[in-house]
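To start, the structure under review is shown below, and the notes come after it.
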Amino acid sequence: MSLGRAWLPALAAASLITILPASAATMMMGQGSDQSAPIRGLWLTTPFPERTVDFGNTVKLDISLRNKPLPPERVELKLDGLPESWKSEIDGSGSQVSAAMVPMDDTETLHLVLTPPENAKPGSFSFKVLGTVDDASAGTPETLDLPVKLTMAEAKPAKLTLDPKLPTLRGTAKSSFDFELKLKNDSPKDAVVNLASKAPDGFQVSFTEGYGSQRSPPCR
5 MSLGRAWLPA LAAASLITIL PASAATMMMG QGSDQSAPIR GLWLTTPFPE RTVDFGNTVK
65 LDISLRNKPL PPERVELKLD GLPESWKSEI DGSGSQVSAA MVPMDDTETL HLVLTPPENA
125 KPGSFSFKVL GTVDDASAGT PETLDLPVKL TMAEAKPAKL TLDPKLPTLR GTAKSSFDFE
185 LKLKNDSPKD AVVNLASKAP DGFQVSFTEG YGSQRSPPCR
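With my numbering, the residue at position 199 of the sequence shown is 203, and numbering never jumps.
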């Protein structure tokens, strides 16, 4: 029996989708009949407002707070509608934060980390990321509203295929045989694969990287 291990990157790609919450329009200025007027305001956005994640895993969401081009404003951050049993944390620059202030014409990247409870069940739920700005001129706070929907699904097993380039080779009793194998990962995630072989008595089998020199120990 011969053993080896291979790391396979997932054969998947994702496109970036940015949303503008409808309530962010409350922070817009300078918009009227003049279509050429520059857009001004504060936005909370996320690339993927609806996501399907593996059941039971910690969820990490990237959130951007953008200022264009207003004086810096303090934005209080909180979640609304998240199930009570879930734990949440908003991180900025490596630390947990509850508010952010973005310079003029700049963007601050935040990370929302959600941890499901042990008794969580597969399913979908929606919640909102809220940003509250105290508007001194209006006398009332303005709210940025970012809706997010998560679907917790059972993790699917990796889709792996192993195909030889030439399944049959011929030679003499003293010949060695090199089989070229193609190992393919069609799942959306990376996978670590253990390789093993079962050969007739008297044969030694080992695995070598297709684009390297590492070789597994031979086994009779």
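Virtual Cβ for every residue (Gly too), placed ideally from N, Cα, C.
At the level of alpha carbons, what is the spacing between residue i and residue j?
i	j	result
N123	A157	14 Å
L48	L150	6 Å
S128	P87	11 Å
D95	L114	6 Å
S210	S220	5 Å
S179	F207	11 Å
T56	A177	55 Å
T165	D58	22 Å
E112	S97	9 Å
L83	S92	8 Å
S201	E54	43 Å
G214	V197	15 Å
Rounded to the nearest angstrom, how far is the Cβ of residue i from that of residue j, given a contact under 8 Å?
i	j	result
I67	L118	With a Cβ gap of about 12 Å, I67 and L118 do not count as contacting.
V133	V79	Actually they are not in contact, since the Cβ atoms of V133 and V79 sit about 11 Å apart, beyond 8 Å.
P168	E184	7 Å
V106	L69	5 Å
L81	G135	6 Å
Within a Cβ cutoff of 7 Å, which residues of the same chain sit near residue i, ignoring the five residues on either side of it in sequence?
i	result
S27	Because the pLDDT of S27 is 41, which lies under 50, any placement of that residue in the model is unreliable, and the question is left without a value.
K72	I43, R44, G45 and D109
F181	L173 and G175
P76	M105, V106, P107 and M108
G85	S130, F131 and K132
Any heavy atom of the ligand NAP inside 7 Å of the beta-carbon of residue i?
i	result
P51	In the structure shown, the ligand NAP is absent, as is every other ligand, since no ligand is present at all.
Give me, in chain order, the residues of the same chain whose beta-carbon lies closer than 6 Å to that of residue i; leave out the 5 immediate sequence neighbours on both sides.
i	result
M33	Confidence at M33 is low in this model, with a pLDDT of 42, below 50, so the placement of that residue should be treated as unreliable; the coordinate-derived value is given next. Result list for M33: R44, in chain order.
S130	K153
Which stretch, first to last residue, makes up the beta strand (DSSP E) that contains residue i?
i	result
D167	L164 to P168
D66	V63 to K72
T119	D110 to T119
I94	K91 to G96
V197	A195 to S201
R55	E54 to D58
Segment contact flag, the region 98 to 105 with the region 52 to 65, C-beta cutoff 8 Å, min 3 pairs: With a cut-off of 8 Å, the region 52 to 65 and the region 98 to 105 do not count as touching, because too few Cβ pairs lie within range.
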